[in-house]
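Position 80, counted from 1, in the sequence shown is what UniProt numbering calls 80; the numbers after and before it change by one each time, with no gaps. Below you'll find the structure, written out as structure tokens, and then a few comments.
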Amino acid sequence: MGACTVLMVSCGPKSTAVTGPKYTASEQLVQGKTIFENSCSRCHKLPDPAKHDDQGWIKTLSRMAPKAKLNDEQHQMVYDYLISVNKK
Ligand code: HEC
């Protein structure tokens with residue numbers, strides 16, 4: 001119960017639940033990078049993480065994560081990876 005109440009991001013029904021950073025551990029960032037590289041290059045070239053700032057990636061990922069069929073957890077890890085390297 002506790003985990004789900006606190007971690008709304010991973011328990012929400014939709015994959016638009018990412019509203020900010022959550023993971024900072026390198027394990028998750030590495031996973032986020034892998035997911036990003038595998039899932040986000042299917043329809044277009046891999047976007048430059050510097051293309052958006054932290055707010056911009058929230059918006060763009062909430063449109064792209066469903067396209068890439070990411071679950072909330074994967075969505076979150078990709079987001080955290082992107083903002084860890086976007087230098088903004
Ligand atoms: C099913 C195909 C598909 C997948 C998978 C996909 N995209 Fe896209 N993406 C598109 C299309 C189509 C556009 C152009 C139209 C638009 O902007 O909605 C686009 C545009 C973009 C843009 C430019 C628009 C903007 O807001 O900057 C970025 C950045 C982007 N995608 C990032 C991603 C990321 C990150 C992922 C992985 C989570 C991803 N995409 C996965 C289809 C896809």
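The beta carbon of each residue, even a glycine, is placed where N, CA and C say it ideally should be. Just so you know, these numbers come straight off a predicted model, no measurement behind them.
{"Check": "Spatial distance of N86 from P47 (CA atoms)", "Outcome": "11 Å"}
{"Check": "For C43 and L82, the rounded distance between their alpha carbons", "Outcome": "18 Å"}
{"Check": "S84 beta carbon near the ligand HEC (any heavy atom closer than 8 Å)", "Outcome": "no"}
{"Check": "Endpoints, alpha helix (DSSP H) assigned at A17", "Outcome": "Here A17 belongs to no alpha helix (DSSP H), and DSSP marks it neither H nor E."}
{"Check": "S62: first and last residue of the uninterrupted alpha helix (DSSP H) it sits in", "Outcome": "54-67"}
{"Check": "N- and C-terminal bounds of the alpha helix (DSSP H) containing Y23", "Outcome": "That residue, Y23, is in no alpha helix (DSSP H); it is neither H nor E in DSSP."}
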